[in-house]
Amino acid sequence: MELTFRYVLLSLDVCMEPYTTSLTYKTGTSPVSIAVGSFTNTKHLDIIVANQGDDDIIVLLGKGNGMLQAGVMYGTGPLPRVMVSADFNNDKRPDLAVSNSGANTLSVLFGNSNGTFQSSMNLRVGYQPLGLASDDFNGDSNMDLVVTNSGENTISLMLGNGDGSFNIQSTYATGRTPFAIVSGDFNNDNKTDVVVAHLQDNTMRTFLGDGNGLFTDQNQYETGLSPFALTSCDLNNDNRLDVIVVNSGDNTISVFLGSLNGTFQTRKSFGVGGSPEWATAGDFNNDGKMDIAVINFLESTVSILLGNGDGTLQARMDYGTGPNPMSLVSSDFNKDRNLDLVTANNEGTIISVLLGFGNGSFQTQVTYASGIGPISIAVNDYNNDSQTDLAVANYYEDTIKVFFGKPDGTFETEAQYGAGSSPSSVILGDFSNNNILDVIIANLNDDTISLLRGNGNGTFQNQIKYSTGTHPSCVISGDFNNDQSMDVVVSNYADNTISLLLGNGNSTFQTQKNYTVGISPTFMISSDLNTDGKLDVIVINSGEDTFSVLLNNGNGIFQTTTKYATGKIPYSVTSGDFNNDKILDLIVADSGENTISVFFGNPDGTFQTRKSYAVGSGPASIVSGDFNNDNKMDIAVTNFLEDTVSILLGTGNGTFYTEIKYLTGTNPSYIASADFNDDGRPDLAVANKYSNDLTILLNKCK
69 MELTFRYVLL
79 SLDVCMEPYT
89 TSLTYKTGTS
99 PVSIAVGSFT
109 NTKHLDIIVA
119 NQGDDDIIVL
129 LGKGNGMLQA
139 GVMYGTGPLP
149 RVMVSADFNN
159 DKRPDLAVSN
169 SGANTLSVLF
179 GNSNGTFQSS
189 MNLRVGYQPL
199 GLASDDFNGD
209 SNMDLVVTNS
219 GENTISLMLG
229 NGDGSFNIQS
239 TYATGRTPFA
249 IVSGDFNNDN
259 KTDVVVAHLQ
269 DNTMRTFLGD
279 GNGLFTDQNQ
289 YETGLSPFAL
299 TSCDLNNDNR
309 LDVIVVNSGD
319 NTISVFLGSL
329 NGTFQTRKSF
339 GVGGSPEWAT
349 AGDFNNDGKM
359 DIAVINFLES
369 TVSILLGNGD
379 GTLQARMDYG
389 TGPNPMSLVS
399 SDFNKDRNLD
409 LVTANNEGTI
419 ISVLLGFGNG
429 SFQTQVTYAS
439 GIGPISIAVN
449 DYNNDSQTDL
459 AVANYYEDTI
469 KVFFGKPDGT
479 FETEAQYGAG
489 SSPSSVILGD
499 FSNNNILDVI
509 IANLNDDTIS
519 LLRGNGNGTF
529 QNQIKYSTGT
539 HPSCVISGDF
549 NNDQSMDVVV
559 SNYADNTISL
569 LLGNGNSTFQ
579 TQKNYTVGIS
589 PTFMISSDLN
599 TDGKLDVIVI
609 NSGEDTFSVL
619 LNNGNGIFQT
629 TTKYATGKIP
639 YSVTSGDFNN
649 DKILDLIVAD
659 SGENTISVFF
669 GNPDGTFQTR
679 KSYAVGSGPA
689 SIVSGDFNND
699 NKMDIAVTNF
709 LEDTVSILLG
719 TGNGTFYTEI
729 KYLTGTNPSY
739 IASADFNDDG
749 RPDLAVANKY
759 SNDLTILLNK
769 CK
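Counting in my numbering, the sequence shown tops out at residue 770, every number present.
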């Protein structure tokens, strides 16, 4: 299947990044290291990621606003680990060097200044190279390389000739398993030195440079357990470089304050998150004092420790990243003069961009604990306080939970109610004609729907059950027979039918009427597709890669089903006028091929052939709205298999810009949109099925 992509010129006053949370971008498999630089003539900062699972790097060119373009891959050696960027051939273009731990080599890729690179040149080093640093170690103004050989307990120094070639390595013995290295002038003699961390010895050692490309082995210092990474900066404002060691084995960082002669004071330890693996230094709150950012592999977070200017650090603040972050860099990616962060997330194929506010805090997601296996969300004001609330169906504990909204977009402690077995879908409506909202739940494993009558104060009565077909997967409501009473339609996954239950207006329903649709109906919506004032039904048939349209006669009877081919394993659908022709269109999330399919509508309720756009892995739930306030319909879709939500901003002619991704919890299964903080902007709520929580993304577009 051919994918359709459209690119148009952007207006500078259009908001292209709607939500305040970390952005994610597709990489290769198991990204482990990041390099930052301006690799084109645009002066925008770009990002390069080493993908250990694919033996390559990916180049993501920056747009100057904190966003990145799609990547281009380049091969490295086996198991690339650490990457640095410098101009190795003196052509005023940044190049790359990568340590290949599976081949005992370094790969050097020369830059072409347009964001592309030449084929890699490999340099033989020691056994299992890991840590890598670049600097001028012999004072000839050419960039050199030094690498830790973790499998043979040495470091290799390779002096550059200025034309991209390097002299044969000289080696120096280290402690056991040299894992990380950092360079700098640690004894203030204007000559470049290095510090090496030894994973097995729980030590670090200094090697002082003589300015001619030779090192002298100096002092050794005890660190915390399993020192995994190093960084350096002046933490106490004495114009001497200090060293920060990341101790993966005891969840700390060690601060070693430097002295004039290249020695260090006794270490001071500060707690961080679980299994820290990388750190970077910077002034994240613009107070003139250096701060530290540390990624925590096991917690999937980054810890920010603000500096006091005297070598001590404040208690950490944590922000969510992608799964299992393994590398971290900081720079100003959106040109707002505030430092931002980028993490390479080893579990999966994404990096995370956390834009800084300049006060030591970063954009990140807001989450709320739900029940076990949240799978569906209904949005409305349940307690009549003019604030938007949430009801969540929890698949694995047979409950719904209600979250009451507050004016600032946060939510109060939830109330919980029993449902049937494996609730799969939840909706709300006034089924008793008393101007009070009720809740209806589809119960997948006991072939019923549950009605919970509302009390008008945010609480609900005990459930009343009604029979449906086999394995009801989705429920929707509307007045399908124009009698001013709300009705219900249920999709029956195992029967390949939908059931219509006409409402009596008193919270009771008539006997169901069944209509045959496609194989394995999973999701439905209702819309007036042919502008005759009657609600029609669209059903997603995931077992046969189609959707069914049932046009309504207006008397509670639907016409014969019409089917349309979708992509592989369609999962959900949304409607809207995406090309501004005043006719409703449909967009389907195709979970089996990682696309969305756009179907333009005709005035008679029929649809044209689909056009497809790439999204993330396993698109599941989809919603439409004007997310950037430009009067054009946009799309948000959850990517179940990569824990993100993709935003595709519309151009107004039925095409879409390339997706922007935001992090969610684990396996986002459902998405809903509403204005949660009363600022007139559509926000997003995501149910994360396997982290048992909700992610709230607040809209920041003006």
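We put the CB at the ideal spot given by N, CA and C, even for glycine. Quick caveat, the model's predicted, so the values are computed rather than measured.
- Lys160 carries a coil assignment under DSSP once its states are collapsed to helix, strand and coil.
- Taking a contact to require three or more Cβ pairs closer than 8 Å, the stretch 635-650 and the stretch 606-617 qualify as touching.
- The beta carbon of Phe205 lies closer than 6 Å to those of Asp212, Thr260, Gly277 and Gly281 in the same chain, with the five residues before and after it left out.
- In the structure shown, His266 falls within a strand segment according to DSSP collapsed to helix, strand and coil.
- Under DSSP, the beta-bridge partners assigned to Leu381 are Gly375.
- Annotation: Ser588 to Leu512 spans about 13 Å, alpha carbon to alpha carbon.
- Selection Ser327, Gly428 and Leu422 evaluated against Leu374 yields Gly428 as nearest (Cα-Cα).
- Note on Asn304: 16 or more other CB atoms within 10 angstroms of its CB, so buried under the neighbour-count rule.
- It is roughly 53 Å from the alpha-carbon of Leu423 to the alpha-carbon of Ile625.
- Distances from the CA of Gly121 to each of Asn549, Ile651 and Asn414 were compared; the closest alpha carbon is that of Asn414.
- For the options Met189, Gly132, Lys131 and Asp159, the alpha carbon positioned closest to that of Tyr142 is the one of Met189.
- Counting only the Cα atoms, Leu198 lies some 26 Å from Asp359.
- Shown here, Ile651 sits in coil according to DSSP, grouped into three states, outside any helix or strand.
- Asp355 and Asp408 have their alpha carbons spaced roughly 16 Å apart.
- It is roughly 27 Å from the alpha-carbon of Gln455 to the alpha-carbon of Ile517.
- With a cut-off of 8 Å on Cβ pairs, the stretch 546-559 is not in contact with the stretch 525-532, counting fewer than three such pairs.
- In this structure Tyr738 is buried. Its beta-carbon is surrounded by 16 or more other beta-carbon atoms within 10 angstroms.
- For the pair of segments examined, the stretch 323-337 was found not to touch the stretch 363-370: the number of CB pairs separated by less than 8 Å stays below three.
- Annotation for Cys301: the continuous beta strand (DSSP E) segment containing it runs Pro295 to Cys301.
- A straight-line Cα-Cα distance of about 38 Å links Thr599 and Glu710.
- According to the DSSP assignment, Gln288 belongs to the beta strand (DSSP E) that extends over Phe283 to Glu290.
- Contact between Val193 and Val176 does not hold, since their C-beta atoms are separated by about 12 Å, which reaches or exceeds 8 Å.
- Of the residues Asn270, Tyr681 and Phe667, the one whose Cα lies closest to the Cα of Phe675 is Phe667.
- Going by beta carbons, Thr732 and Val705 fall outside the 7 Å limit.
- Ser395 sits away from Leu113, with the two beta carbons spaced by 7 Å or more.
- Contact between Asn582 and Ser567 is confirmed by a C-beta separation of about 5 Å, below the 8 Å threshold.
- For Lys94, the pairing in a beta bridge is given by DSSP as Ile418.
- If you look at Lys403, you'll find it isn't in any beta strand (DSSP E); DSSP assigns it neither H nor E.
- Val397 sits in a strand when the DSSP states are folded into three classes.
- Separation of Asp231 and Phe156 (C-alpha to C-alpha, rounded to the nearest whole angstrom) is 7 Å.
- With respect to the 7 Å criterion, Thr95 and Asp124 are not classified as neighbours on the basis of their beta carbons.
- Straight-line measurement puts the Cα of Ser665 at about 11 Å from the Cα of Tyr632.
- Residue pairing by DSSP places Pro391 in no beta bridge whatsoever.
- For Asp306, the closest C-alpha among the options Asn760, Asp378 and Asn172 is that of Asp378.
- Around the beta carbon of Thr663, 16 or more other beta carbons lie within 10 angstroms, which makes this residue buried.
- One Cα belongs to Ile102, the other to Val152, and the distance between them is close to 8 Å.
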